[in-house]
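Participant: Encoded as structure tokens, here's the structure I'll be asking about.
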Amino acid sequence: MSDAATALHHPAVEPAESPLTPESWGKLGMWIFLAGDAVGFGVLLAAYGVMRATSVDWPHPAQVLGIQLTALMTFLLICSSVTMVKSLEALQANDLPRAKRFVLLTALGGAIFVGLQAMEWTHLIERGLKVFGNPWGATLFGSSFFMITGFHGLHVTAGVIYLLSIYRVISRVKDMRYNYMVTEIAGLYWHFVDLVWIMVFTFVYLL
Amino acid sequence: MADSHAKHGPSYMAIFWYLAVLTVVEIGVIFAPFPRMAVAVLLVAFACAKATLVALYFMHLRIETKTLGYIALTPIAIGTLLVLVLLPDTQHVPRQTADSHRLEAPKE
């Protein structure tokens with residue numbers, strides 16, 4: 001059994017244990033997926049950095065984009081990460097109704113995030129920010145902004161759908177060990193989305 | 208789990224407060240009268256600290272197997288390599304954009 005399983009008295013150990021993946025094949029698969037996805041986001045942010053560093057007229061994001069709304073969105077994602085881990089705590093305590101409530105709250109946080117992002121995009125588009133141009137400077141500012149925040153927004157949307165499907169699964173399945181395992185794997189994805197937003201918020205909005 | 212966390216480190220709510228405070232400090236830093244480079248360094252450091260907290264505590268990497276730790280480190284290594292490879296491009300190219308090219312194009 002892994003350190004994590006020992007330390008947390010992990011109840012969800014798959015039968016197919018091996019020295020390579022002592023915890024869970026599903027968890028290993030999710031981590032490999034997340035590592036690949038992280039490289040994708042890394043490439044986007046690195047390309048953004050190069051474009052910005054080689055541009056003479058890159059607008060100052062904090063002045064153009066406004067950070068009050070995105071600060072609220074950041075806080076919302078942090079809160080949703082907490083509700084996600086709280087659902088795991090509840091599952092570990094065999095409190096399924098509480099776990100389901102926290103999974104729903106997490107999905108709700110994600111849905112509100114996507115709604116706020118849609119509101120932000122609408123507002124910026126009305127002010128003139130387009131994929132192929134904007135009133136403030138470099139053309140690539142708009143395209144890179146929409147590409148990076150849009151790619152992240154797609155991840156949040158997928159995460160909300162994923163969490164709702166997990167809610168359905170744990171509502172039907174009675175095996176708490178299985179429920180813990182699938183919720184923990186979904187949680188990894190959700191925390192990753194939060195982690196990526198921390199980087200996007202800093203590099204695209206604050207710097 | 209709360210007991211386990213009490214034994215092995217800060218609770219989830221403590222991590223939440225660390226993240227919230229770091230976010231507030233980040234926003235404060237961009238309005239502080241520091242040199243631009245210092246602001247950039249501070250912001251990147253705070254973002255890395257927040258990402259590390261999420262990975263170690265919320266994603267349980269702190270107590271996971273080494274295999275998962277190595278998988279998590281892989282994109283960081285690739286990202287670092289990517290930045291090193293791209294750095295020369297930001298130093299030696301003319302600081303121009305498509306827009307400035309368009310402005311400088313000869314008129315017929």
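Protein sequence lines, in the order shown, are assigned to chains A and B. Numbering follows the working numbering, with no gaps: position 159 of the first sequence is 159. Numbering follows the working numbering, with no gaps: position 72 of the second sequence is 279. Where is the CB? At the ideal position from N, CA and C, for every residue including glycine.
How long is the line joining the alpha carbons of A/Phe132 and B/Ile234, rounded to whole angstroms?
Facilitator: Your numbering for residue 132 of chain A matches position 132 in the first sequence. Your numbering for residue 234 of chain B matches position 27 in the second sequence. Using only the alpha carbons, I get a separation of about 29 angstroms.
Participant: Once the 5 residues before and after A/Phe203 are set aside, which same chain residues still bring their CB inside 6 angstroms of it?
Facilitator: As a first step, residue 203 of chain A is located in the first sequence; it is residue number 203 there, counting from the start. So the list reads Leu45, once near-sequence residues are dropped.
Participant: Which residues in chain A sit within 8 angstroms of B/Ala254, going by Cβ to Cβ distance?
Facilitator: Translated into the one-based positions of the second sequence, residue 254 of chain B becomes position 47. Result: Ile198, Met199, Phe201, Thr202, Phe203.
Participant: Can you check whether the C-beta of A/Ala46 is within less than 8 angstroms of a C-beta belonging to chain B?
Facilitator: Locating residue 46 of chain A in the first sequence gives position 46, where the first residue counts as 1. Output row for A/Ala46: interface = yes.
Participant: Determine, using beta carbons only, whether A/Asp95 comes closer than 8 angstroms to chain B.
Facilitator: For the purposes of this step, residue 95 of chain A is taken as residue 95 along the first sequence, with counting starting at 1. Answer no: the Cβ-Cβ gap between A/Asp95 and chain B never drops below 8 angstroms.
Participant: Closer than 8 angstroms, CB to CB, is A/Lys86 near chain B or not?
Facilitator: Counted from its first residue, the first sequence places residue 86 of chain A at position 86. Closer than 8 angstroms: yes.
Participant: Measure from the alpha carbon of A/Phe33 to the alpha carbon of each residue in A/Ala186, A/Met199, A/Tyr180, then state which is nearest.
Facilitator: For the purposes of this step, residue 33 of chain A is identified with residue 33 of the first sequence, where counting begins at 1. Answer by Cα proximity: A/Ala186.
Participant: For B/Leu229 and A/Ile166, I'd like the C-alpha separation in whole angstroms.
Facilitator: Here residue 229 of chain B corresponds to residue number 22 of the second sequence, with the count starting at 1. Here residue 166 of chain A corresponds to residue number 166 of the first sequence, with the count starting at 1. Answer to the nearest angstrom: the Cα atoms are 31 angstroms apart.
Participant: Specify the secondary structure class of A/Lys174 as computed by DSSP and reduced to three states.
Facilitator: Indexing the first sequence from 1 puts residue 174 of chain A at position 174. Reduced to three states, the DSSP call for A/Lys174 is coil.
Participant: Measuring CB atoms only, is the stretch 189-196 of chain A touching the stretch 70-86 of chain A, in the sense that at least three cross pairs come out at less than 8 angstroms?
Facilitator: A contact exists between the stretch 189-196 of chain A and the stretch 70-86 of chain A.
Participant: Please classify A/Gly66: does DSSP put it in a helix, a strand, or coil?
Facilitator: Position 66 of the first sequence holds residue 66 of chain A. In this structure, A/Gly66 counts as coil in the three-state DSSP scheme.
Participant: Alpha carbon to alpha carbon, how far is A/His123 from A/Thr70?
Facilitator: Taking the first sequence and counting its residues from 1, one reaches residue 123 of chain A at position 123. Taking the first sequence and counting its residues from 1, one reaches residue 70 of chain A at position 70. Rounded to whole angstroms, A/His123 to A/Thr70 spans 13 angstroms at the Cα level.
Participant: For a contact defined as C-beta to C-beta under 8 angstroms, what are the partners of A/Asp211 on chain B?
Facilitator: Outside the shown range of chain A, which is 1 to 207, sits residue 211 of chain A, and nothing can be said about it.
Participant: Please identify the residue among B/Ile285, B/Ala247, B/Gln298 whose C-alpha is closest to the C-alpha of A/Leu206.
Facilitator: On the first sequence, residue 206 of chain A is found 206 positions in, with the first residue counted as 1. The option with the nearest alpha carbon to A/Leu206 is B/Ala247.
Participant: Could you tell me the distance, in whole angstroms, from the CA atom of A/Met84 to the CA atom of A/Trp25?
Facilitator: Here residue 84 of chain A refers to the residue found at position 84 when the first sequence is read from its first residue. Here residue 25 of chain A refers to the residue found at position 25 when the first sequence is read from its first residue. Cα to Cα, the separation comes out at about 21 angstroms.
Participant: From the DSSP output, in three-state form, read off A/Gly231 for me.
Facilitator: Beyond the ends of chain A as shown, which are 1 and 207, falls residue 231 of chain A; an answer cannot be given.
Participant: What's the gap between the Cα of A/Arg101 and the Cα of B/Pro217?
Facilitator: Taking the first residue of the first sequence as position 1, residue 101 of chain A is located at position 101. Taking the first residue of the second sequence as position 1, residue 217 of chain B is located at position 10. Cα-Cα distance, rounded: 24 angstroms.
Participant: Nearest chain B C-beta to A/His53 closer than 8 angstroms, yes or no?
Facilitator: Position 53 of the first sequence holds residue 53 of chain A. Before going on, a small fix: residue 53 of chain A reads as Ala here, not His. Output row for A/Ala53: interface = yes.
Participant: 8 angstroms is my cut-off, CB to CB: does A/Phe145 come that close to chain B?
Facilitator: In the first sequence, residue 145 of chain A corresponds to position 145, counting from 1. Judged by the 8 angstroms Cβ criterion, A/Phe145 is not in contact with chain B.
Participant: Closer than 7 angstroms, Cβ to Cβ, to anything on chain B: give me those residues from the stretch 162-189 of chain A, in chain order.
Facilitator: Residues passing the 7 angstroms Cβ filter: Leu188.
Participant: From the beta carbon of B/Phe223, is the nearest beta carbon of chain A less than 8 angstroms away?
Facilitator: Here residue 223 of chain B corresponds to residue number 16 of the second sequence, with the count starting at 1. Answer yes: the Cβ-Cβ gap between B/Phe223 and chain A drops below 8 angstroms somewhere.
Participant: From A/Gly142 to A/Ile67, what does the alpha carbon distance come to, in whole angstroms?
Facilitator: Numbered from 1 along the first sequence, position 142 holds the residue referred to as residue 142 of chain A. Numbered from 1 along the first sequence, position 67 holds the residue referred to as residue 67 of chain A. Using only the alpha carbons, I get a separation of about 16 angstroms.
Participant: Do you know offhand how far A/Lys86's Cα is from A/Gly128's?
Facilitator: Start at 1 with the first residue of the first sequence, and residue 86 of chain A comes out as number 86. Start at 1 with the first residue of the first sequence, and residue 128 of chain A comes out as number 128. If I take the Cα positions, the gap works out to 41 angstroms.
Participant: Rounded to whole angstroms, what's the CA-CA distance from A/Phe146 to B/Leu275? Just pull it up for me.
Facilitator: Within the first sequence, numbered from 1, the residue matching residue 146 of chain A stands at position 146. Within the second sequence, numbered from 1, the residue matching residue 275 of chain B stands at position 68. Computed Cα separation, rounded: 32 angstroms.
Participant: Checking contacts by CB at 8 angstroms: is B/Ala227 closer than that to chain A?
Facilitator: Your numbering for residue 227 of chain B matches position 20 in the second sequence. Interface residue, yes.
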